[in-house]
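In my numbering, the protein residues as written are 55 to 198.
Here's what the structure looks like:
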């Protein structure tokens, strides 16, 4: 009686290894460097939050009839947001947005700047008049 052997031949194993190598070579570049994508998504998420907080604060200021140059404030979910021309000022936007996952922003007289990654920032510049809303210009410097 002849004993039946089971298993793969050397040729079959080599073919499977070659196929797996080809699949890995084509898929690897897609996943090799996701850092730029992650930094871009982080920046875009923070930017969206800043824009939304600015719009919501402005809407509440309009409802309350506020639009003076400075010295006014609104309350959003128990947090006081200082205003400039009916929009959050540099300190107000920081209060209006929950950016707890980021380093504390650098606040100057009229801007708030969050550092997302090395040489990658989101910058909020407060309104300068009732007809000139805040700007998000210079949003990204050195971002991917």
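Yeah, the Cβ is synthetic: ideal placement off N, Cα and C, and Gly gets one too.
Here the structure is a predicted model, which means the values were calculated and not measured.
Original post:
With a CB to CB cut of under 7 Å and the five nearest residues on each side skipped, what residues in its chain are close to residue 147?
Top reply: Here residue 147 refers to the residue found at position 93 when the chain shown is read from its first residue. Around residue 147: 104, 107, 108, 166, 178.
Subject >> Where residue 140 falls, given that 16 or more other Cβ within 10 Å makes a residue buried >> reply: Residue mapping note: residue 140 aligns to position 86 of the chain shown, counting from 1. Residue 140 comes out buried.
Original post:
Which residues bound the beta strand (DSSP E) around residue 165?
Top reply: Here the question's residue 165 lines up with position 111 in the chain shown. Counting along the chain, the beta strand (DSSP E) containing residue 165 begins and ends at 165 to 171.
**OP:** Kindly list the residues whose CB is nearer than 7 Å to the CB of residue 188, restricted to its own chain and excluding five residues on each side of it in sequence; keep chain order.
**Re:** Taking the first residue of the chain shown as position 1, residue 188 is located at position 134. So the qualifying residues of the chain are 108, 141, 178, 179, 180, 181.
Original post:
Distance, Cα to Cα, residue 101 vs residue 82?
Top reply: Taking the first residue of the chain shown as 1, we reach residue 101 at position 47. Taking the first residue of the chain shown as 1, we reach residue 82 at position 28. Using only the alpha carbons, I get a separation of about 31 Å.
Subject >> Inside the region 133 to 189 only - alpha helix (DSSP H) runs reaching at least 4 residues >> reply: Counting whole runs of 4 or more residues, the region 133 to 189 contains the alpha helix (DSSP H) stretches 144 to 150.
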